[in-house]
Each structure stands twice: as structure tokens, then as C-alpha cells.
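Numbering (our numbering), first residue to last: 33 to 161.
No residue lacks a Cβ here, since even glycine has one placed at the ideal position from N, Cα and C.
Have a look at this one:
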């Protein structure tokens, strides 16, 4: 456990549209019973790609005691979605200067014999440049 940024969802504001889940490259958010839910603290990087996707303002980052972020688990979660999803995730890490997580991702991909996708620099909605 560590104190770090993680997404918090205001259930009163959430209308279950699912845009946040689509903006979460890590797969930490899912729509369950008509509301966005954080399905894995270790999948949430706390960088907020989902925040800019929510039209209701139901998401924010908070600092709290949560599981450590797990880049290996994230990649195992998103690789079945295809390399475009992996590339978007890596680009998001790059745009936030998350060099440690990016190095971990590259190592996991290398272990699996997969090429590291080149960045596309597509805005994600989180506000990072």
C-alpha cells in the first residue's frame, strides 16, 4: 500500500455514459450497475485521462492509501484489446513524464517479444501537454 493519486467517482454526478471507461487506457474503470466503478486500484495510474472525458464532472483524483500501481498487470489487462490500446497507454505515460512506468512497460513488452509502439501524441483529455 502507498499514498498516491487515484481516481474518485462521485456517484451522484455519474450518469453511467461510459466515456470515462473509454478514456482509461489502463482498464481501471468499468460501468457496473449503471455507474462508473474503479475496478482495480493497482490498474489506476492516477494521471487522469478519464477526467477530461466525463461530461458530468464526476471524476477527480485524490491522494489516499491504495494498492501500488502495477504496470505489468495493466499491460496484461490491455494487451488483449490490441496494440493500438497499448500504444495509447504508452503515449499517455510519456506525456506525463512517467519514465519509470514506461521503462517497466518496455521491459514487459520485450519479455513477450513485442515491439514497443511509437508515440502518436494524440491528446487524451487529461490536460497534460
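If you draw a straight line from the C-alpha of residue 52 to the C-alpha of residue 87, how long is it? On the chain shown, position 20 is the one that residue 52 refers to. On the chain shown, position 55 is the one that residue 87 refers to. Rounded to the nearest angstrom, the two C-alpha atoms are 9 Å apart.
Tell me, please, which residues DSSP counts as bridged to residue 97. Position 65 of the chain shown, counting from 1, holds the residue named residue 97. For residue 97, which the question treats as bridged, DSSP gives the partners 35.
Can you give me the Cβ contacts of residue 111 inside the same chain, cut-off strictly under 7 Å, excluding the 5 residues immediately before and after it? The residue given as residue 111 occupies position 79 in the chain shown. If we look at residue 111 and ignore the five residues flanking it on each side, its Cβ neighbours are 118.
Going by DSSP, what residues sit across from residue 64 in a beta bridge? Here residue 64 is taken as the residue at index 32 of the chain shown, counted from 1. In the DSSP output, where bridge partners are listed per residue, residue 64 has 67.
Of the choices 57, 34, 33 and 46, whose alpha-carbon is the least far from that of residue 125? Along the chain shown, one-based indexing puts residue 125 at 93. The candidate whose alpha carbon is nearest that of residue 125 is 57.
Determine, using beta-carbon pairs with one atom in the stretch 123-143 and one in the stretch 61-80, whether at least three such pairs fall under 8 Å. yes
Taking all protein chains shown into account, do 16 or more other C-beta atoms lie within 10 angstroms of the C-beta of residue 64, making it buried, or fewer, making it exposed? Reading the chain shown from its first residue, position 32 is the one you call residue 64. Exposed is the call here.
Distance, residue 47 Cα to residue 38 Cα: Position 6 of the chain shown, counting from 1, holds the residue named residue 38. Position 15 of the chain shown, counting from 1, holds the residue named residue 47. Roughly 20 Å between the two C-alpha positions.
Does the Cβ of residue 106 have 16 or more other Cβ atoms within 10 Å, making it buried, or fewer, making it exposed? Taking the first residue of the chain shown as position 1, residue 106 is located at position 74. The residue is buried, with at least 16 neighbouring Cβ atoms inside 10 Å.
For the alpha helix (DSSP H) that residue 115 lies in, which residues bound it at each end? Numbered from its first residue, the chain shown carries residue 115 at position 83. Unbroken alpha helix (DSSP H) run through residue 115: 115-127.
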